[in-house]
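Contents: one structure, followed by commentary.
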Amino acid sequence: MQKSYHYIALLKAVMRLSLTSLKAADVKDIASSVTAIANEKLKAEKEATTKKKTVGKKKQLHVDKPDDDLVVTAYDDIDDYDFM
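Numbering of the sequence shown is given in our numbering, commencing with residue 90 and proceeding in unit increments.
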């Protein structure tokens, strides 16, 4: 019943009718409470979706990876002096 479109419409109508007789400060207090609940729900949904995505992937540390900065030359130091 809670996933029905009519349930959401009913909640909106009940809230609208019940809040019309309240003062603005009271309506703001209720609105902030509803916003806090919505933020908690969004955070929980986001955590649930990120946990599903990151379960398969693990970060790895490549310790034995060769350095790309290493320059290897085919010439010896003696060849630098012999230019002919």
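C-beta: ideal position from N, C-alpha, C; glycine also.
Between the alpha carbons of Leu141 and Glu134, how many angstroms are there, rounded?
Looking up residue 141 in the sequence shown gives position 52. Looking up residue 134 in the sequence shown gives position 45. Position check: residue 141 holds Lys in this sequence, whereas Leu was assumed. One C-alpha to the other measures close to 11 Å.
Just to confirm the assignment, what range does the alpha helix (DSSP H) spanning Leu108 have?
Indexing the sequence shown from 1 puts residue 108 at position 19. Leu108 -> alpha helix (DSSP H) spans 94–108.
I'd like to know whether the C-beta atoms of Leu108 and Ile119 end up nearer to each other than 9 Å.
The count along the sequence shown starts at 1 and reaches residue 108 at position 19. The count along the sequence shown starts at 1 and reaches residue 119 at position 30. The answer is yes: Cβ separation under 9 Å.
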